[in-house]
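**Q** Sharing a structure, written as structure tokens. Questions coming.
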């Protein structure tokens, strides 16, 4: 442990008695942060979670829905009463001032010591106006609230590693120059209609692949402009956040984003080819390891105090063995034979191509056309057709990922890894990432657990794999082979018999031969 921090105690001591306000607590990373704090820092204060009523459910109903997630099963078994520390606060990041009531705002001002801003829209295809409200204006309003808090120790802002990649190969742990004025962006979004915003987005986002990375880039500067030198602040930029590797159990996941969606879609037979580069190295960070970077970052920055420029950390796999996308796909295809899906609709597919033409031909022939026929059969059977709708969503999602699947960056993480040296040795197991190169079998087990977690957590299948799932997988395997054989035989028959190409070739050769005489 760093001697300068030894007198302050460790991470558990730092969080002891401190009240936390978190936005985005129902999201993937937000859930993991809450669970980790309650499990590893049980003496922490209350966790005030910004929550909005949704689909007619009250705040308490939504909280109970959150706690029903398997992520919290270990806490329910070992220390169920600690879950009472989670206190829902009515609000909405889409609204000005976070939609807080005067009473709740004053409560936070009086009580909160640590702010964690995890709320964000991770939809890459959001309209610019919506993305600015969700990712930028909410950041401004939360920073302004933090400035009023009487006992604030540290502010954690969760960004993304991909908000500063334009024109770079190496991305450092620092604040890069702003590409626009965040104040103007908020003003324009508040005063212009959707149509004008859509026109402006073409000019505003010329260096960014989507509205998500653009608004997250501006949000970093909003944080720095408002909080630097006033509140101890740390920005953490995770790369691709994937299912947990160790805590609270391997394979916990709560969404189909990124690599998980690609593997799940391929495993179920929904996704064929994806446009990207097979040899590209994937920078993936398990969610439990990303959370350790965040909590240790809060600890170090909170003890260091305010700075003229906010701290920036990157939760990335830089310096570790990274795996190529094609290797991950290969591992996924192998793993699904051990954890097959009951809801599989075709044989496992999946792959990458760098050819745009080949990709779109595959989408039409092997995704859209089969989806239309399957929906036709579903409609005849008296059910609501859904396959084409699912394929459309998959197409939109994979299109949004193309930029990230076709480019590669090195996200330096020296500061993030360096923070672990400041954690006491007796807390290293709980709060530090194990820095070593994982073997191929460890990587295989990780992705197998991730696919299995997707199967029983997200798709609602039984936790234990049922025998009929493997039987169905084998049937789809043989059916796929038979269908492919029939497809290629039909092409062969059409070319060589329907258009009599052999006869044409024979006559051409004979005419050429006769011309030589």
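Numbering (full-length UniProt numbering), first residue to last: 1 to 517.
Yeah, the Cβ is synthetic: ideal placement off N, Cα and C, and Gly gets one too.
Between residue 45 and the rest of its own chain, which residues show a CB-CB distance below 6 Å, the 5 nearest in sequence each way excluded?
**A** 17, 18 and 19
**Q** Can you give me the C-alpha to C-alpha distance between residue 448 and residue 331, rounded to a whole angstrom?
**A** 8 Å
**Q** Inspect the beta-carbon positions of residue 410 and residue 22 and report whether they are closer than 8 Å.
**A** no
**Q** If you scan the segment 314-370 from start to end, which runs of the beta strand (DSSP E) of 3 or more residues do you find wholly inside it?
**A** 351-353
**Q** As a quick exercise: from 201, 336 and 283, pick the residue whose alpha carbon is nearest that of residue 324.
**A** It is 283.
**Q** Could you tell me the boundaries of the beta strand (DSSP E) in which residue 417 lies?
**A** Here residue 417 belongs to no beta strand (DSSP E); instead the alpha helix (DSSP H) covers 414-418.
**Q** Rounded to whole angstroms, what's the CA-CA distance from residue 38 to residue 353? Just pull it up for me.
**A** Their Cα atoms are separated by approximately 44 Å.
**Q** Per the DSSP calculation, residue 57 is bridged to which residue(s)?
**A** Answer is 54.
**Q** What's the C-alpha gap between residue 475 and residue 122?
**A** The alpha-carbon atoms of residue 475 and residue 122 are separated by roughly 37 Å.
**Q** At a cut of 8 Å, does the segment 151-166 reach the segment 106-125 through at least three beta carbon pairs?
**A** Below 8 Å, enough C-beta pairs join the segment 151-166 and the segment 106-125 to call them touching: three or more.
**Q** For residue 24, which residues from the same chain have a beta carbon less than 6 Å from its beta carbon, with the 5 sequence-adjacent residues on both sides left out?
**A** 30, 118 and 119
**Q** Between 58, 212 and 101, which has its C-alpha nearest residue 124's C-alpha?
**A** 212
**Q** Are the CB atoms of residue 207 and residue 184 within a distance shorter than 8 Å?
**A** no
**Q** State the CB to CB distance for the pair residue 308 and residue 229, rounded to an integer number of angstroms; the pair is presumed to be in contact (CB under 8 Å).
**A** Between residue 229 and residue 308 the Cβ distance is about 5 Å, and since that is below 8 Å, they are a contact.
**Q** Would you say residue 89 and residue 50 are within 8 Å of each other, going by their C-beta atoms?
**A** Taking 8 Å as the Cβ cut-off, residue 89 and residue 50 qualify as a contacting pair.
**Q** Could you give the first and the last residue of the continuous beta strand (DSSP E) run that contains residue 273?
**A** Segment 273-275, the beta strand (DSSP E) holding residue 273.
**Q** Does the Cβ of residue 223 have 16 or more other Cβ atoms within 10 Å, making it buried, or fewer, making it exposed?
**A** buried
**Q** Taking Cβ positions, are residue 335 and residue 444 nearer each other than 8 Å?
**A** yes
**Q** Would you tell me roughly how many angstroms separate the C-alpha atoms of residue 84 and residue 34, rounded to the nearest one?
**A** 12 Å
**Q** Using 8 Å as the cut-off, can you tell me whether the segment 411-427 makes contact with the segment 292-306, which would need three or more C-beta pairs spanning the two stretches below that distance?
**A** yes
**Q** Any heavy atom of the ligand ATP closer than 7 Å to the beta-carbon of residue 45?
**A** Inclusion of the ligand ATP in the displayed structure is not the case, the ligand content being empty and no account of it being possible.
**Q** With distances taken between CB atoms, is the gap from residue 356 to residue 285 smaller than 8 Å?
**A** no
**Q** How many angstroms separate the CA atom of residue 460 from the CA atom of residue 432?
**A** 32 Å
**Q** Report the option in 53, 28, 43 and 27 whose CA atom is closest to the CA atom of residue 13.
**A** 43
**Q** By Cβ distance below 7 Å, which residues in the same chain neighbour residue 470 in space, the five residues on each side in sequence not counted?
**A** Short of 7 Å from the beta carbon of residue 470, and not among the five residues preceding or following it, lie these beta carbons of its own chain, in chain order: 340.
**Q** If you measure between the beta carbons of residue 159 and residue 235, is that distance less than 8 Å?
**A** yes
**Q** Please report how far the alpha carbon of residue 429 lies from the alpha carbon of residue 59, in whole angstroms.
**A** 35 Å
**Q** Can you give me the Cβ contacts of residue 241 inside the same chain, cut-off strictly under 7 Å, excluding the 5 residues immediately before and after it?
**A** 28, 29, 285, 287 and 290
**Q** Terminal residues of the continuous alpha helix (DSSP H) containing residue 204?
**A** 194-204
**Q** Less than 8 Å between the CB atoms is what I'm expecting for residue 379 and residue 385, so what's the real figure, rounded?
**A** The beta-carbon separation of residue 379 and residue 385, rounded to 5 Å, stays under the 8 Å limit for a contact.
**Q** Which whole runs of the beta strand (DSSP E) in the segment 31-102 are 3 residues long or more, in chain order?
**A** Qualifying beta strand (DSSP E) stretches, in chain order: 47-51 and 86-90.
**Q** With 16 other CB atoms within 10 Å as the buried threshold, where does residue 267 fall?
**A** Burial call: buried.
**Q** Considering only residues of the same chain and omitting the five flanking positions on each side of residue 265, which have a CB-CB separation below 7 Å?
**A** 271 and 394
**Q** Taking the beta carbon of residue 260 as the centre, do at least 16 other beta carbons fall within 10 Å, making it buried, or is it exposed?
**A** With 16 or more other Cβ atoms within 10 Å, it is buried.
**Q** Helix, strand or coil for residue 494 per DSSP?
**A** helix
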